[in-house]
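Chemist:
In the numbering used here, the protein residues as written are 823 to 946.
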């Protein structure tokens with residue numbers, strides 16, 4: 823998925839298939855000039871919707887605790903920490919999180935944010 827703000831690509835995210843019902847949330851980035859406008863959250867919710875369309879029941883992610891704003895956002899959106907595998911392919915990762923797509927809050931299906939008015943903001 824990618825997100826545009828006033829027609830400019832402001833962020834992107836990817837999903838990687840792990841199994842038929844599990845996808846990995848990966849490669850999220852938001853342009854520095856567009857941060858703190860709800861774009862990361864919107865990209866996350868868009869990835870949840872896409873994962874559901876693809877048959878997923880769960881989304882996982884790997885990150886690093888030094889990325890405090892990202893970890894805080896993931897917790898806020900409903901991700902929970904789970905044990906890491908011993909053979910993780912991402913050397914810099916020190917945390918694994920997951921979310922059960924059935925447990926999403928209602929706003930996850932129709933995301934809006936006061937800092938990202940609909941007339942400015944599109945997630946593709």
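From the three backbone atoms N, C-alpha and C, an ideal C-beta is built for every residue, glycine too. Computed from a predicted model, the values in this text were never measured in an experiment.
1. Would you tell me roughly how many angstroms separate the C-alpha atoms of residue 901 and residue 845, rounded to the nearest one?
2. Rounded to whole angstroms, what's the CA-CA distance from residue 909 to residue 884? Just pull it up for me.
3. Are there 16 or more other CB atoms within 10 angstroms of the CB of residue 889, so buried, or fewer, so exposed?
4. Between the Cα of residue 834 and the Cα atoms of 916, 894, 869, 920, which residue gives the shortest distance?
5. Please check the pair residue 903 and residue 917, which I expect to be a contact at CB under 8 Å, by giving their CB distance rounded to whole angstroms.
6. Who does residue 836 pair with in a DSSP beta bridge?
7. What three-state label does DSSP hand residue 841 in the structure shown?
8. Leaving aside the five residues before and after residue 854 along the sequence, list all residues of the same chain whose C-beta is less than 7 Å from its C-beta, in chain order.
9. Using DSSP with H/G/I as helix, E/B as strand and the rest coil, what is residue 908?
10. If we count the other Cβ atoms within 10 Å of its Cβ and call it buried at 16 or more, is residue 906 buried or exposed?
11. Which whole-angstrom value is the C-beta distance of residue 832 and residue 848, which I expect to be below 8 Å?
Modeler: Reading off the structure:
1. On the chain shown, position 79 is the one that residue 901 refers to. On the chain shown, position 23 is the one that residue 845 refers to. Distance between the alpha carbons of residue 901 and residue 845: 14 Å.
2. To locate residue 909, count along the chain shown from 1; it is residue 87. To locate residue 884, count along the chain shown from 1; it is residue 62. Answer to the nearest angstrom: the Cα atoms are 13 Å apart.
3. Mapped onto the chain shown, residue 889 falls at position 67. Answer is exposed; the Cβ neighbour count stays below 16.
4. Reading the chain shown from its first residue, position 12 is the one you call residue 834. With distances taken between Cα atoms, residue 834 lies closest to 869.
5. Within the chain shown, numbered from 1, the residue matching residue 903 stands at position 81. Within the chain shown, numbered from 1, the residue matching residue 917 stands at position 95. With 8 Å as the limit, residue 903 and residue 917 qualify as a contact, their Cβ atoms being about 6 Å apart.
6. Translated into positions along the chain shown, residue 836 becomes position 14. Bridge partners of residue 836: 848.
7. Here residue 841 refers to the residue found at position 19 when the chain shown is read from its first residue. Of the three classes helix, strand and coil, the one that applies to residue 841 here is strand, per DSSP.
8. Residue 854 sits at position 32 when you count from the first residue of the chain shown. Nothing listed; no residue qualifies.
9. As a working mapping, residue 908 is identified with position 86 in the chain shown. Coil at residue 908, not helix or strand.
10. For the purposes of this step, residue 906 is taken as the residue at position 84 of the chain shown. It is exposed - the Cβ of residue 906 has fewer than 16 other Cβ atoms within 10 Å.
11. The sequence position of residue 832 within the chain shown is 10, counting from 1. The sequence position of residue 848 within the chain shown is 26, counting from 1. 18 Å between Cβ atoms; not a contact.
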